[in-house]
Amino acid sequence: MATATLSLVTDCLFCNIAAKEIPAEIVLETDRALAFRDINPQAPTHVLVIPKAHHENAAALAAADDGLADDLLQACHAVAVLEGVAESGYRVVLNTGLGAGQTVFHVHAHVLGGRSLLWPPG
Numbered sequence: 000m001a002t003a004t005l006s007l008v009t010d011c012l013f014c015n016i017a018a019k020e021i022p023a024e025i026v027l028e029t030d031r032a033l034a035f036r037d038i039n040p041q042a043p044t045h046v047l048v049i050p051k052a053h054h055e056n057a058a059a060l061a062a063a064d065d066g067l068a069d070d071l072l073q074a075c076h077a078v079a080v081l082e083g084v085a086e087s088g089y090r091v092v093l094n095t096g097l098g099a100g101q102t103v104f105h106v107h108a109h110v111l112g113g114r115s116l117l118w119p120p121g
């Protein structure tokens, strides 16, 4: 799948959520990012944060070099504050590629918190 920087990919689940064509429980929305609850939460707080523009993975997002990665991390922190886990601690996870467990090929950060998060992760 080619990386598009200013458009949506019509067969991408997260692009369709960003376009509000598929419902999601939205936690936060900015001009360039959208945060919504994971449908299969792995912690009391488990929110996905995506850029609205399609980038396949974290490497593609980093290569875009337009400040979007900064916006994504700022949105992750804002979610942690809204969810009440910023003080106690939270984890931000970006899986890149099949071997890392990426299942939706639209870059997304998992914001996890509300319980002890052991290391190393499984």
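With the first letter of the sequence shown counted as 1, position 105 gets the number 104 in numbering that gives the first Met the number 0; the numbers rise by one all the way through.
The beta carbon of each residue, even a glycine, is placed where N, CA and C say it ideally should be.
> In terms of residue numbering, what span does the beta strand (DSSP E) encompassing isoleucine 16 cover?
Replying inline: From DSSP, isoleucine 16 is part of no beta strand (DSSP E) but of the alpha helix (DSSP H) over 12-17.
> Apart from the five residues just before and just after serine 115, which ones in its own chain have a Cβ nearer than 7 Å to its Cβ?
Replying inline: Result list for serine 115: empty, nothing under 7 Å.
> Which residue from Val46, Ala42, Thr29 and Ala18 puts its Cα closest to that of phenylalanine 35?
Replying inline: Val46
> Is the region 99-111 touching the region 72-88, taking contact as three or more C-beta pairs under 8 Å?
Replying inline: A contact exists between the region 99-111 and the region 72-88.
> Do you know offhand how far glycine 98's Cα is from isoleucine 49's?
Replying inline: 20 Å
> If we ignore side chains and look at the alpha-carbon of each, how far apart do leucine 33 and valine 26 end up?
Replying inline: 8 Å
> In this structure, does DSSP put leucine 27 in helix, strand or coil?
Replying inline: strand
>> Once the 5 residues before and after leucine 117 are set aside, which same chain residues still bring their CB inside 6 Å of it?
In response: Within the same chain, leucine 117 has no close Cβ partners at all.
> From Asn56, Arg31 and Leu60, pick the residue whose C-alpha is nearest to that of valine 103; which is it?
Replying inline: Asn56
> Assuming valine 84 contacts threonine 44 under a Cβ cut-off of 8 Å, what Cβ separation, rounded to an integer in Å, is found between them?
Replying inline: 5 Å
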